[in-house]
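In numbering that gives the first Met the number 0, the protein residues as written are 0 to 327.
Every residue gets a Cβ at the ideal spot worked out from N, C-alpha and C, and that includes glycine.
Model, not experiment: these values are computed from the prediction.
Each remark here refers to the structure printed beneath this line.
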Amino acid sequence: MIAPLIKAEGLERVYKLRRGPFGKAVPVRAVDGVSLAVMPGETLGIVGESGSGKSTLGRMLLGIDPAQSGAVTFEGSRMPALGTAEWRALRARMQLVYQDPLAALDRRLTIAAQIREPLDIHGLLPRDARSARVQDLMIGVGLRRDQAGSYPHELSGGQRQRAVIARALATSPKLLVCDEPVSALDVSIQAQVVNMLRDLQEKNHIAMIFISHDLKVVRNIADRVAVMYLGRIVEEASSDVIFQAPKHPYTKALVSSVPVPGKPLTGRMILQGEPPNPANRPSGCAFHPRCPLAGDICRTASPALREIGEGRMAACHMVEGADAPMAA
Ligand code: SF4
């Protein structure tokens, strides 16, 4: 049986939020008891509105933002502590692609120098083979050889993100965590970068955690999808199941907001209101103030994430009756 490449169990991260210089610090549960697993070569999409804890979870999976409780294992071994030699060595096998390529790149270094940097840091390949590897990586992500000497500001947004991806791939990672990797790009470029990521992933058999608020993009790339709401996973299933037959009312609302070419806008569920303040989490099911199916139990008891079918899980008291029409 194939073991997961990365596994998280019961991850929790609480920040203290202080309102004003003299305000009382309030605990904010950014990630609240998240467990998941990603198989080698698999893509897990993590979706949810802004503030759902997606990015914090991504950093926790890489050990950049250490968990206060719970554990992450990578290739069967516990994630080493941040900053240790073991953690730095492991980072070569797990890379992060950020949303803003300009912020991720050093404006004073050429693109080639930045793609080469991880090879130098981790001492990978003989020195005289590194330039050829940089050229291969640039071509692999669709950059031209003559752009090797360019600086970040001389490239377009899409080209900069390609350079960031080339740098992430330099160490032949087993896992790529992509945090909103295309949301800063023009829509026309987004599809190109997503297709490129999918091709590179398949070719190199890399597992990917693809974090995005954009379900259209996630649908194109993810094998499986975890939906987050206020720090918790509320539904998880294969991408086909999530997009064709979502069960959790929050997932239904998210999915129904994705435009489908040729389909009328009628019958869609409109998500009411804004996500609640994480520092003032609603009682019971945190989604209840926005949920059209909420009953009494939803206001008092928090639903556990449980298996509701083969390979699918949801956290909802009413999930068995959630096929009732919910259109606004
Ligand atoms: Fe809605 Fe209740 Fe399910 Fe929460 S538990 S999603 S409030 S029906």
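Got a sec: does ligand 1 put a non-hydrogen atom nearer than 7 Å to the Cβ of Cys177? Within the sequence shown, residue 177 is the residue found at index 178, counting from 1. No, the beta carbon of Cys177 sits no closer than 7 Å to any heavy atom of ligand 1.
What separation, rounded to the nearest whole angstrom, lies between the Cα atoms of Ile63 and Gly69? Along the sequence shown, one-based indexing puts residue 63 at 64. Along the sequence shown, one-based indexing puts residue 69 at 70. If you take the alpha carbons of Ile63 and Gly69, they lie about 15 Å apart.
Would you mind stating whether Val240 and Arg311 have Cβ atoms separated by less than 8 Å? Numbered from 1 along the sequence shown, position 241 holds the residue referred to as residue 240. Numbered from 1 along the sequence shown, position 312 holds the residue referred to as residue 311. Taking a C-beta distance under 8 Å as the contact criterion, Val240 and Arg311 qualify as a contact pair.
Within 8 Å, do at least three Cβ pairs link the segment 243-252 to the segment 72-82? The segment 72-82, when compared against the segment 243-252, does not touch it at the 8 Å Cβ threshold.
How far does the beta strand (DSSP E) with Val226 in it reach, from first residue to last? The residue labelled residue 226 in the question sits at position 227 within the sequence shown. Val226 -> beta strand (DSSP E) spans 223-228.
Ligand 1 heavy atoms versus the CB of Gln294: any closer than 7 Å? By one-based count along the sequence shown, residue 294 stands at place 295. Sequence check: residue 294 is Gly here, not Gln. For Gly294, the shortest separation between its Cβ and any heavy atom of ligand 1 lies below 7 Å.
What residue ranges within the segment 176-226 form continuous alpha helix (DSSP H) runs of no fewer than 4 residues, ordered along the chain? Qualifying alpha helix (DSSP H) stretches, in chain order: 186-203, 214-220.
Below 8 Å on the Cβ atoms is my guess for Val163 versus Pro100; work out the distance and round it to an integer in Å. Within the sequence shown, numbered from 1, the residue matching residue 163 stands at position 164. Within the sequence shown, numbered from 1, the residue matching residue 100 stands at position 101. Yes, Val163 and Pro100 are in contact; Cβ-Cβ is about 5 Å, under 8 Å.
Runs of alpha helix (DSSP H) lying entirely within the segment 234-295, each at least 4 residues, in chain order: Fully enclosed alpha helix (DSSP H) runs of 4 or longer: 238-243, 248-255.
Measuring only the C-alpha atoms, how far is Gln160 from Pro180? For this step, residue 160 is matched to residue 161 along the sequence shown. For this step, residue 180 is matched to residue 181 along the sequence shown. If you draw a straight line from the Cα of Gln160 to the Cα of Pro180, it is about 8 Å long.
Range of the contiguous beta strand (DSSP E) that encloses Arg311: What you label residue 311 is simply residue 312 of the sequence shown in a count that begins at 1. Start and end: 311-313.
Give a yes or no on contact between the segment 127-134 and the segment 86-102, applying the rule of three or more CB pairs nearer than 8 Å. With a cut-off of 8 Å, the segment 86-102 and the segment 127-134 do not count as touching, because too few Cβ pairs lie within range.
When you compare only the Cα positions, how much space is there between Leu184 and Val216? Within the sequence shown, the letter at position 185 stands for residue 184. Within the sequence shown, the letter at position 217 stands for residue 216. The alpha-carbon separation between Leu184 and Val216 amounts to approximately 12 Å.
Should Pro281 be counted as a contact of ligand 1 given a C-beta to heavy atom distance under 7 Å? Stepping through the sequence shown from its first residue, residue 281 is reached at position 282. Outside the cutoff, so no.
Rounded to the nearest angstrom, what separates Met38 and Ile5 at their Cα positions? If you number the sequence shown from 1, residue 38 lands on position 39. If you number the sequence shown from 1, residue 5 lands on position 6. C-alpha of Met38 to C-alpha of Ile5: approximately 7 Å in a straight line.
So His121 and Thr170 are in contact, right, with Cβ under 8 Å, and what is the actual spacing, rounded? Start at 1 with the first residue of the sequence shown, and residue 121 comes out as number 122. Start at 1 with the first residue of the sequence shown, and residue 170 comes out as number 171. Here His121 really is in contact with Thr170; their C-beta atoms are around 6 Å apart, less than 8 Å.
Helix, strand or coil at Arg18 according to DSSP, with G and I counted as helix: Locating residue 18 in the sequence shown gives position 19, where the first residue counts as 1. For Arg18, the three-state secondary structure derived from DSSP is coil.
Using a Cβ-based criterion (distance less than 7 Å to any ligand heavy atom), does Pro275 qualify as near ligand 1? On the sequence shown, position 276 is the one that residue 275 refers to. The answer is no for Pro275.
In terms of alpha-carbon separation, which member of Leu214, Glu234, Asn194 lies closest to Gly308? For the purposes of this step, residue 308 is identified with residue 309 of the sequence shown, where counting begins at 1. From the listed residues Leu214, Glu234, Asn194, the smallest Cα separation to Gly308 is found for Glu234.
Sort out for me which residues DSSP pairs Ser76 with in a bridge. To locate residue 76, count along the sequence shown from 1; it is residue 77. Looking at the DSSP output, Ser76 sits in a beta bridge with Phe73.
DSSP has Thr42 in a bridge; who is on the other side? Translated into the one-based positions of the sequence shown, residue 42 becomes position 43. Residue pairing for Thr42: DSSP places it in a beta bridge opposite Met207.
Within a Cβ cutoff of 6 Å, which residues of the same chain sit near Pro275, ignoring the five residues on either side of it in sequence? As a first step, residue 275 must be located in the sequence shown, where it is residue number 276. Taking Pro275 as the centre and dropping the five residues before and after it, the same chain places the C-beta of Pro281 closer than 6 Å to its C-beta, in chain order.
Identified DSSP bridge partners for Gln28: Translated into positions along the sequence shown, residue 28 becomes position 29. For the record, residue 28 in the displayed sequence is Arg; it is not Gln. Val13.
Since Phe209 contacts Thr55 with CB under 8 Å, what's their CB separation in whole angstroms? Taking the sequence shown and counting its residues from 1, one reaches residue 209 at position 210. Taking the sequence shown and counting its residues from 1, one reaches residue 55 at position 56. With a Cβ gap of about 16 Å, Phe209 and Thr55 do not count as contacting.
Is the closest heavy atom of ligand 1 to the C-beta of Tyr14 under 7 Å? Locating residue 14 in the sequence shown gives position 15, counting from the first residue. False, no ligand heavy atom lies under 7 Å from that Cβ.
Proximity test, Met227 beta-carbon vs ligand 1 heavy atom, cut-off 7 Å: Here residue 227 corresponds to residue number 228 of the sequence shown, with the count starting at 1. Not a single heavy atom of ligand 1 lies less than 7 Å from the C-beta of Met227.
Arg126 lies in the alpha helix (DSSP H); which residues open and close that run? The residue labelled residue 126 in the question sits at position 127 within the sequence shown. 126-139 is the span of the alpha helix (DSSP H), which, as asked, contains Arg126.
Output the distance between the C-alpha atoms of Arg334 and Ser51, rounded to the nearest integer angstrom. Here the chain has residues from 0 to 327 only, and residue 334 is not among them.
Assign His316 to one of two classes, buried (16 or more other C-beta atoms within 10 Å of its C-beta) or exposed (fewer than that). Locating residue 316 in the sequence shown gives position 317, where the first residue counts as 1. Classification of His316: buried, given that the 10 Å Cβ count is 16 or more.
Are the CB atoms of Val192 and Leu61 nearer to each other than 8 Å? Locating residue 192 in the sequence shown gives position 193, where the first residue counts as 1. Locating residue 61 in the sequence shown gives position 62, where the first residue counts as 1. The answer is no: Cβ separation not under 8 Å.
Kindly indicate the opening and closing residues of the beta strand (DSSP E) around Gln94. What you label residue 94 is simply residue 95 of the sequence shown in a count that begins at 1. Element bounds for Gln94: 93-96.
Buried versus exposed call for His247 [16 or more other C-beta atoms within 10 Å across all chains shown]: What you label residue 247 is simply residue 248 of the sequence shown in a count that begins at 1. Flag for His247 reads buried.
So Pro302 and Cys284 are supposed to be a Cβ contact under 8 Å. How far apart are they, rounded? Translated into the one-based positions of the sequence shown, residue 302 becomes position 303. Translated into the one-based positions of the sequence shown, residue 284 becomes position 285. Indeed, because the Cβ distance is near 5 Å, the residues count as touching under 8 Å.
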